[in-house]
Structure formats: structure tokens, C-alpha cells
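Trainee:
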Ligand SMILES: NC(=O)c1ccc[n+]([C@@H]2O[C@H](COP(=O)([O-])OP(=O)(O)OC[C@H]3O[C@@H](n4cnc5c(N)ncnc54)[C@H](OP(=O)(O)O)[C@@H]3O)[C@@H](O)[C@H]2O)c1
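Numbering (my numbering), first residue to last: 82 to 411.
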């Protein structure tokens, strides 16, 4: 889609809901994208919205999410609230005719995600889960190496994501009402990688340790596949772990360096030699998913081919199965 000015790609007008940590990093990367405007931001506090708008050149600042969803100048809204609000915030935007980029996990369970997808499809609106990892140059390289069968057939994926978080029962990480727990916050990245690389497992083993707020502070997963490949995955708020990923094949290994979900470096181990690929991301790394959304909107495509809605639904289905296995209920 081009604007009336000669051959200029259409300017995409963004809005942001929920002005916390990630919204700041995302807004900084919006400034790096061509023909992209931060049209409006919304917070529960006008003071916070006004300060955020000033910092990131937003045209409007709203003290309610509804007002932002009603702004006719906005094309697409980025949802950056805690997990338990993704469903209601996304539905609000879709019902007001806005395209949506929703932070991960798209919903708290697969029932929510299914309903969000149905709403977007019935309204012919764009919807995508903000799994920025998918658009990183390092992941694109990994995918092309796998397509070329450089490491043969995949026999194992091994990925961990862990950091020591101070126990704060009110924080987003531990508060059940905000969708806390390591599985949904960071375990989603190893699981996403396994899904991207190996597809849907035929069997799942899961083990967790729960906090006094009844969310998981540790979750270990073993996935089995019809091909007989295995995935060994882990998430934890209890200790700092390497946060690396390895794709082992019959002819070699690909390593995604720390932290693998935003890796700038991958190493290919093959035939007793190592090849290192330096693949730096732009800005804070959110630039790439922003470009994907902008391109989809300009091409009037309602779903990203790189991160289709079926992939998000499969991811949510897997997360829900794990939740059931470890007794995690929201
Ligand atoms: N892609 C990534 O790299 C990445 C990294 C970190 C987090 N995330 C995801 O981004 C989302 C937000 O994470 P964050 O770390 O930015 O969280 P955060 O700093 O706590 O910000 C969340 C924002 O949501 C809004 N909010 C609405 N209702 C709320 C409530 N009842 N309690 C607390 N906040 C509420 C608040 O904004 P207002 O006060 O302005 O309304 C708050 O600032 C989560 O889904 C998380 O998984 C993604």
C-alpha cells in the first residue's frame, strides 16, 4: 500500500497500551522504523501517558485504554500489559477496528487465544503475537541453515531460560492475578523454539516447583516427537542459567548464544569445525517485529506468514497442556 506521495510506503500510525518496561523499549525502536508514527499512547495515569508521549514523540496521550482504541488516526495497537489483560485489551482494540500486536503470551490459555483469533478473522483485522525472537536475524539464519539440511535431521533441541528474580509477591512475575510464573513469562521462549524447529510434540513430560503465590518458579519439560526427536526445555526465576539453545542434528549442531531469544551470534558445529555467524539485531531488537507488522499492514495482509496465528494457537495449546500437567491454574 502506497501513500499519495510518490512511491512512499504508507505511514503506519501506532498506538501503545500499558506503558511499562517493555513499552519503553518498544517505543524507542518505533523511532527507528521508516514511515512509522507513534500516534497515541495510553496508560491508566494521564501523568504517565503524558511523560511517555513526550519522551517518544507520541502525538496523543490518553488516560484510558478505551480512548486510545477509539482514536480514528491509529492503524495498529501494541498491547504491553500483564498477561491476564491481553485478552480484554486485544478484544477492545479489535472491536474498535484496530490491528493488534499483542505481547506474549497472547492469552492466558488456548481458549482465550482461539477467541482472539476468531475475533480478528471475523473482522478481517491483522493480529500477531509479539514474539520478537521469530524476526531476529540470528533466527532467520538458523531457519535457513535448517532448511538447507546443514545439520541433517534434527534429533534434539535443548534450551533454557533462567534468571534469579527477587521474590516479590505483588510483581508481575509472581502475582497469579497478573499471570505470573516462569512458564508464561520466559518458558514460552524455549517452547516457541521447539515448536518452530520440531513442530507439535506427541508426548509431554513436565515438572515444576511452585511459589507461595501458586505459580511456577521453575519448570522443566521433556517433549517427545513422532520422528523420535526430543526437546529438553527449562525456565526458572530461581537461578541464573546459561539461557542458550542448541539444535542437534545427525550431521552437526547449531548453537544460539546467550540470551538465545535475542541472540546476536550463532555457531555452526560441523565436521570438527566451528563457523561463527555474527548477526546483530537493530535497536533493542523490537525493530524487526515492527517492520514485519508494518509490511503486513502495507500489503493488506492480516496475518504474518512468519508467525501465523496457527503457530500462536499451537503455542497456547502447548502452554495450556503444560499448565494442566503442573497444576497451574489462572
Ligand atoms: N518481548 C519481550 O522482550 C518482553 C520483555 C518483557 C516483558 N514482555 C511482556 O510484556 C508485557 C508487559 O511486561 P512489562 O515487563 O513491560 O510489565 P510492566 O513493566 O509491569 O508493565 C505493564 C504495564 O501494564 C499496565 N497495567 C495494566 N493493568 C495493570 C495491573 N493491574 N497491574 C500492573 N500493570 C498494569 C501498566 O501500564 P499503565 O500504568 O501505563 O496503564 C504497566 O506499566 C508482558 O506480557 C510480558 O510478558 C515482553
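For glycine and all other residues, C-beta sits at the position ideal for the given N, C-alpha and C.
Bear in mind that the values here come from a model prediction, so they are computed numbers and not experimental data.
(1) Spell out a yes or no on whether the stretch 206 to 226 and the stretch 245 to 265 are touching, meaning 3 or more CB-CB pairs, one atom from each, closer than 8 Å.
(2) For residue 338 and residue 152, what's the separation of their Cα atoms in angstroms?
(3) Which whole-angstrom value describes the C-beta separation of residue 299 and residue 319, a residue pair presumed to lie in contact below a C-beta threshold of 8 Å?
(4) What does the alpha-carbon distance come out to for the pair residue 343 and residue 201?
(5) Going by DSSP in three states, residue 159 sits in which element: helix, strand or coil?
(6) Which residues bound the beta strand (DSSP E) around residue 291?
(7) Kindly indicate which three-state DSSP category residue 241 falls into: helix, strand or coil?
(8) In the DSSP assignment, find the alpha helix (DSSP H) that holds residue 103 and state where it starts and stops.
(9) Look up residue 121 in the DSSP assignment and say whether it is helix, strand or coil.
(10) Just the C-alpha distance for residue 90 and residue 116, rounded to the nearest angstrom, thanks.
(11) Is it the case that the CB of residue 102 approaches a heavy atom of ligand 1 more closely than 7 Å?
(12) What's the call for residue 175, buried or exposed, on a 16-neighbour Cβ count within 10 Å?
(13) Kindly give me the distance between the Cβ atoms of residue 310 and residue 235, rounded to whole angstroms, as I take these residues to be in contact under 8 Å.
(14) Would you say the beta carbon of residue 218 is closer than 7 Å to some non-hydrogen atom of ligand 1?
(15) Is there contact here, the stretch 378 to 389 with the stretch 160 to 171, by at least three beta-carbon pairs under 8 Å?
(16) For the beta strand (DSSP E) holding residue 305, just list the boundary residues, first then last.
(17) Taking 7 Å as the line, does the beta carbon of residue 271 fall inside it for any heavy atom of ligand 1?
(18) What does the Cβ neighbour count give for residue 82, buried or exposed, with the cut at 16 atoms within 10 Å?
(19) Report the three-state DSSP secondary structure of residue 96 (helix, strand or coil).
(20) Comparing the CB of residue 369 with every heavy atom of ligand 1, is any distance shorter than 7 Å?
(21) Hey, could you find the ends of the beta strand (DSSP E) residue 349 is sitting in?
Mentor: With the given structure in hand:
(1) With the cut-off at 8 Å, the stretch 206 to 226 and the stretch 245 to 265 do not touch.
(2) The straight-line gap from Cα to Cα measures roughly 42 Å.
(3) Your pair residue 299 and residue 319 checks out as a contact, with CB atoms roughly 5 Å apart and the cut at 8 Å.
(4) For residue 343 and residue 201, the distance between alpha carbons rounds to 28 Å.
(5) Under the three-state reduction of DSSP, residue 159 is assigned to strand.
(6) Taken as a continuous stretch (DSSP letters only), the beta strand (DSSP E) holding residue 291 covers 284 to 291.
(7) Here residue 241 sits in strand by DSSP.
(8) Run containing residue 103: 102 to 111, per the alpha helix (DSSP H) assignment.
(9) The answer is strand: DSSP assigns residue 121 an E or B state.
(10) Roughly 7 Å separates the two Cα atoms.
(11) Judged by the Cβ position, residue 102 qualifies as a neighbour of ligand 1 at the 7 Å threshold, a heavy atom of the ligand being closer than this.
(12) Looking at its Cβ environment, which holds 16 or more other Cβ atoms inside 10 Å, residue 175 is buried.
(13) The C-beta separation of residue 310 from residue 235 comes to about 5 Å, placing the pair in contact by the 8 Å criterion.
(14) No - ligand 1 has no heavy atom lying nearer than 7 Å to the Cβ of residue 218.
(15) With contact defined as three or more Cβ pairs closer than 8 Å, the stretch 378 to 389 and the stretch 160 to 171 are not in contact.
(16) Its beta strand (DSSP E) spans residues 297 to 305.
(17) Because no heavy atom of ligand 1 lies under 7 Å away, the Cβ of residue 271 does not count as near it: no.
(18) The predicted position of residue 82 is uncertain, since its pLDDT is 47 and thus under 50; no value can be drawn from it.
(19) Assigned with DSSP and collapsed to three states, residue 96 falls in strand.
(20) Relative to the non-hydrogen atoms of ligand 1, the Cβ of residue 369 never comes closer than 7 Å to any of them.
(21) It spans 346 to 351 - the beta strand (DSSP E) in which residue 349 sits, taken as one unbroken run.
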